[in-house]
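Enquirer: Heads up: the protein sequence lines correspond to chains P and L, in order. According to the numbering used here, the first sequence holds residues 140 to 490 in order. According to the numbering used here, the second sequence holds residues 10 to 282 in order. Heads up, the beta-carbon is just placed ideally off N, CA and C, and yes, glycines get one too. Please read through the structure below; I'll follow up with questions.
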Amino acid sequence: MSAIVEMQGLRKVYRRRRRDDVVAVEGLDLELGRPGTVHGFLGPNGSGKTTTIRCALGLIRPSAGGVRVFGVDSATGFHQVAPRVGAIVESPKMFPNFSGRRNLTLLAELGGLDRRNVDRVLEIVGLVGRDEDNFGTYSLGMRQRLAIAGALLKDPDLLILDEPANGLDPAGIAEMRVLIRGIAEQGKAVVVSSHQLAEIEQICDDVTIISGGRLISTGALADIRSFAGQDRVVVTIDDRDRAIAALAEAGLAGHPRPAERELSVDIEPARSAEVTRALAERGLYLSGLRFEQASLERAFLNLTGGSMPPPPSSAVPVGGPPPPSPWGVRPVDSPPPPDPTLPAGYGRGEA
Amino acid sequence: MIPLLRAETHRLWARRITRFFPLGLAAVFVIGIGIAWAVISANDSDVSFVADMAGDDRASGLLGPVSGVLPVMAFVIGASYIGADAKTGMLEQILTWEPRRLRLLGARTAIGIVSVGLLAMALAAFFTALLYGLAAITGTVDGTTGALWLNVVAVVLRTGLAAGLFCAFGLGVTLLLNNSIGAIVGFLIYWFIIENGLVALFLPRVAVWLPVTNAASFGSGSPVQRIAGNAFSAEGPSVVDDHGYLLAGVVLLVWTVLALVAANLAFRRRDIA
Numbered sequence: 140m141s142a143i144v145e146m147q148g149l150r151k152v153y154r155r156r157r158r159d160d161v162v163a164v165e166g167l168d169l170e171l172g173r174p175g176t177v178h179g180f181l182g183p184n185g186s187g188k189t190t191t192i193r194c195a196l197g198l199i200r201p202s203a204g205g206v207r208v209f210g211v212d213s214a215t216g217f218h219q220v221a222p223r224v225g226a227i228v229e230s231p232k233m234f235p236n237f238s239g240r241r242n243l244t245l246l247a248e249l250g251g252l253d254r255r256n257v258d259r260v261l262e263i264v265g266l267v268g269r270d271e272d273n274f275g276t277y278s279l280g281m282r283q284r285l286a287i288a289g290a291l292l293k294d295p296d297l298l299i300l301d302e303p304a305n306g307l308d309p310a311g312i313a314e315m316r317v318l319i320r321g322i323a324e325q326g327k328a329v330v331v332s333s334h335q336l337a338e339i340e341q342i343c344d345d346v347t348i349i350s351g352g353r354l355i356s357t358g359a360l361a362d363i364r365s366f367a368g369q370d371r372v373v374v375t376i377d378d379r380d381r382a383i384a385a386l387a388e389a390g391l392a393g394h395p396r397p398a399e400r401e402l403s404v405d406i407e408p409a410r411s412a413e414v415t416r417a418l419a420e421r422g423l424y425l426s427g428l429r430f431e432q433a434s435l436e437r438a439f440l441n442l443t444g445g446s447m448p449p450p451p452s453s454a455v456p457v458g459g460p461p462p463p464s465p466w467g468v469r470p471v472d473s474p475p476p477p478d479p480t481l482p483a484g485y486g487r488g489e490a
Numbered sequence: 010m011i012p013l014l015r016a017e018t019h020r021l022w023a024r025r026i027t028r029f030f031p032l033g034l035a036a037v038f039v040i041g042i043g044i045a046w047a048v049i050s051a052n053d054s055d056v057s058f059v060a061d062m063a064g065d066d067r068a069s070g071l072l073g074p075v076s077g078v079l080p081v082m083a084f085v086i087g088a089s090y091i092g093a094d095a096k097t098g099m100l101e102q103i104l105t106w107e108p109r110r111l112r113l114l115g116a117r118t119a120i121g122i123v124s125v126g127l128l129a130m131a132l133a134a135f136f137t138a139l140l141y142g143l144a145a146i147t148g149t150v151d152g153t154t155g156a157l158w159l160n161v162v163a164v165v166l167r168t169g170l171a172a173g174l175f176c177a178f179g180l181g182v183t184l185l186l187n188n189s190i191g192a193i194v195g196f197l198i199y200w201f202i203i204e205n206g207l208v209a210l211f212l213p214r215v216a217v218w219l220p221v222t223n224a225a226s227f228g229s230g231s232p233v234q235r236i237a238g239n240a241f242s243a244e245g246p247s248v249v250d251d252h253g254y255l256l257a258g259v260v261l262l263v264w265t266v267l268a269l270v271a272a273n274l275a276f277r278r279r280d281i282a
């Protein structure tokens, strides 16, 4: 199934007076959004996500390359596909002195839509009852809901949401998750840019990671998650060196962690009894044990050179580095600093 | 195009400045006429509507007291109409619905001209009615013939058109500068200090081609005047007619079109970020 948003050599440079130019996006070749799926679009702050989205929506002109949405160049022909695209960019933007309903009604009129659509989307986002209040009086979570309602007004085939869970309380985030999945299940394509990786992990089918304006990795969620290495058991114990030696005798690889009394064992949580048994049999008793799953967050940090405390260099997953990606990690010209804990080429399409 | 025009019309009229600025002006008119009534009553003098208020047979003096205020209102409404979008970030939202920027600008210009034109006409008519009432209460309304009323209607219509064009001018300037507060403050400084002050005094032949002067002239129907000779001579400045109000209307139109063309060129190339 082909992607709805296709970028080729997308480059955006912001020219600034008396200051150096800023290269926000550099040579991005990327495909986003397939009908019936949710695509997570991830990257550290300033990585170029919002600039990329703005280019896709025709709000800013690429310095080079281009974006095609539904096969149409968004810089020149976005109006042809605008009725099929709903979007929130960066933060909810509406007129503060207008009520939520009036804001939506204006948008509906702009799109030549029946006003009954306003009631429909207010119902969807749970703002019935507060719709006559001014947007300026809304909490951030309510603003976010109203912006999503605005994006849903068109009943779009492609929904682009930039940080949709910002400001939402846990219940709101859970509702958002259900909403986004529900939209995808109706056959729509949803692209979600977010920093809330746990949320992305729960709702996305595909994930793209960019950093420094360059593509780092893109593919199915499970494949991206494989860059996190494997699940780990983290043990807290007084005599760490003896514990590592004891585990080695039992055929388990323990690795010291930055915390003085902690070590990690690359083993599925279901086999953690093997760890406790190996230590107890040698007179070593742990004071704590927890699991670390191979999460999207860990993969994200590994791939982007993030600031999560890395495991020591010896903590390469048992069995060596993961196999080359079968789903086409794109080579990049100038990747971010490599994670020293991973072998050369790990996560960048090189074996 | 019709949904866009409808949405823009509702949006402009839903804005508080569009409703409260004219209402504020109307209140100022009422207060001004009330003060005039009090002064006239205290001095026990008569006011003849025709002779004292309308001026010449084209009624060009009728809206003299408000001819400068209405372009300011028009400019402010036009500037804030486009500026509010930039300030709230709503322009981004709107452009994902109507990405054709020329179309959006065209719709706004049309709605601005018509809406502010109607507002200005209503205010001008209201002011005329207040004057008529003042004359009727304190003196006489003799001489208000049908021909004069036709001229009054023409003044009101031209005032509306001038205000509408000035709204479009304000919209264009604001879009060009990408800053509504800067545009409004800059306009007021320009109007009071530059156009009516420095340029009028030192470059009178240039001043007669500037926008506010021509807007006021076109609306009132009076000729554009300039200072002849040395403005600072012992005899004082002499004032001469430079060109008529119809040419003033053309000059205003040219300024408006220039502002809109420049704004469109800038807007089409601008990154909305």
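Step through the CB atoms of chain P and report whether any lies within less than 8 Å of the CB of L:Pro-167.
Expert: Before going further, note that residue 167 of chain L is Arg rather than Pro in the sequence given. No, because no Cβ of chain P sits closer than 8 Å to the Cβ of L:Arg-167.
Enquirer: Verify the CB distance criterion: does P:Ala-143 have a CB-CB separation below 8 Å to chain L?
Expert: The sequence given here has Ile at residue 143 of chain P, not Ala. Taking Cβ atoms only, chain L never reaches closer than 8 Å to P:Ile-143, which makes this a no.
Enquirer: Could you pull the DSSP bridge partners for P:Thr-347 from this structure?
Expert: According to DSSP, P:Thr-347 bridges with P:Phe-180 and P:Thr-357.
Enquirer: Can you give me the start and stop residues for the alpha helix (DSSP H) that P:Met-281 sits inside?
Expert: Where P:Met-281 is concerned, the enclosing alpha helix (DSSP H) stretches over 279 to 291.
Enquirer: Would you tell me roughly how many angstroms separate the C-alpha atoms of L:Gly-155 and L:Ile-190, rounded to the nearest one?
Expert: Rounded to the nearest angstrom, the two C-alpha atoms are 44 Å apart.
Enquirer: At a CB-CB cut-off below 8 Å, which residues of chain L make contact with P:Pro-235?
Expert: Correct list: Thr-97.
Enquirer: Between the segment 327 to 338 of chain P and chain L, which residues of the former have a C-beta closer than 9 Å to a C-beta of the latter?
Expert: Cβ contacts with chain L come from no residue of the segment 327 to 338 of chain P.
Enquirer: Per the contact definition of three or more C-beta pairs closer than 8 Å, is the segment 116 to 135 of chain L in contact with the segment 176 to 186 of chain L?
Expert: With a cut-off of 8 Å, the segment 116 to 135 of chain L and the segment 176 to 186 of chain L count as touching, because enough Cβ pairs lie within range.
Enquirer: Go through the segment 213 to 247 of chain L residue by residue and report every complete run of the alpha helix (DSSP H) that reaches 4 residues or more, in order.
Expert: Entirely contained in the segment 213 to 247 of chain L, the alpha helix (DSSP H) runs reaching 4 residues are, in chain order, 213 to 216 and 220 to 229.
Enquirer: Check whether the Cβ of L:Pro-31 lies closer than 8 Å to any Cβ atom in chain P.
Expert: Not one chain P Cβ lies under 8 Å of L:Pro-31.
Enquirer: What residues from the segment 206 to 223 of chain P come within 8 Å of chain L, judged by C-beta to C-beta, listed N to C?
Expert: Flagged, chain order: Phe-217, His-218 and Ala-221.
Enquirer: With P:Val-346 and P:Ile-363 assumed to form a contact (beta carbons below 8 Å), what rounded beta-carbon distance in angstroms separates them?
Expert: Confirmed, Cβ separation roughly 4 Å.
Enquirer: Taking the beta carbon of P:Ser-350 as the centre, do at least 16 other beta carbons fall within 10 Å, making it buried, or is it exposed?
Expert: By the 10 Å Cβ count, P:Ser-350 comes out buried.
Enquirer: Could you tell me whether the Cβ atoms of P:Val-208 and P:Val-220 are closer together than 8 Å?
Expert: Cβ atoms of P:Val-208 and P:Val-220: closer than 8 Å.
Enquirer: Chain L beta carbons: is any one of them nearer than 8 Å to that of P:Glu-248?
Expert: Interface residue, yes.
Enquirer: Put P:Asn-242 into one of helix, strand or coil per three-state DSSP.
Expert: If DSSP states are grouped into helix, strand and coil, P:Asn-242 belongs with the helices.
Enquirer: With a threshold of 6 Å on Cβ separation, who are the neighbours of L:Ala-83 within its own chain once the five nearest residues in sequence on each side are excluded?
Expert: Contacts found: Val-125, Ala-172, Phe-175 and Cys-176.
Enquirer: Is it the case that the segment 142 to 154 of chain P contacts the segment 273 to 288 of chain P, given that we only count it when at least three CB pairs across the two stretches are under 8 Å?
Expert: Judged by Cβ distances under 8 Å, the segment 273 to 288 of chain P makes no contact with the segment 142 to 154 of chain P, as fewer than three pairs qualify.
Enquirer: With DSSP collapsed to three states, give me the class of P:Met-233.
Expert: If DSSP states are grouped into helix, strand and coil, P:Met-233 belongs with coil.
Enquirer: Going by the beta-carbon positions, is the gap between P:Val-164 and P:Gly-187 smaller than 8 Å?
Expert: A contact, by the Cβ cut-off of 8 Å.
Enquirer: Short check: CB of P:Ile-348 to CB of P:Leu-442, under 8 Å?
Expert: Their beta carbons are under 8 Å apart, which means P:Ile-348 touches P:Leu-442 by this criterion.
Enquirer: Taking Cβ positions, are P:Ala-417 and P:Leu-391 nearer each other than 8 Å?
Expert: Closer than 8 Å, so yes.
Enquirer: Check whether chain L comes within 8 Å of P:Leu-266, counting only Cβ atoms and requiring the distance to be less than that.
Expert: Judged by the 8 Å Cβ criterion, P:Leu-266 is not in contact with chain L.
Enquirer: Run through chain L and tell me which residues come within less than 9 Å of P:Arg-193, C-beta to C-beta.
Expert: Those are Glu-101, Asp-280, Ile-281 and Ala-282, listed as they occur along chain L.
Enquirer: Distance check for L:Thr-137 and L:Asp-53, CA to CA, integer angstroms please.
Expert: Computed Cα separation, rounded: 22 Å.
Enquirer: L:Ser-258: which of L:Leu-166, L:Leu-128 and L:Ala-243 sits nearest, CA to CA?
Expert: What sits at residue 258 of chain L in the sequence shown is Gly, not Ser. Of L:Leu-166, L:Leu-128 and L:Ala-243, the residue nearest in Cα terms is L:Leu-166.
Enquirer: Looking at P:Ala-304: is its Cβ nearer than 8 Å to the Cβ of P:Gln-335?
Expert: Yes, these two residues count as a Cβ contact at 8 Å.
Enquirer: Please state the DSSP three-state secondary structure of P:Gly-250.
Expert: In the structure shown, P:Gly-250 sits in coil (DSSP, three-state: anything other than H, G, I, E or B).
Enquirer: Any chance the segment 423 to 432 of chain P sits against the segment 173 to 181 of chain P, with 3 or more Cβ pairs inside 8 Å?
Expert: Too few Cβ pairs lie closer than 8 Å, so no.
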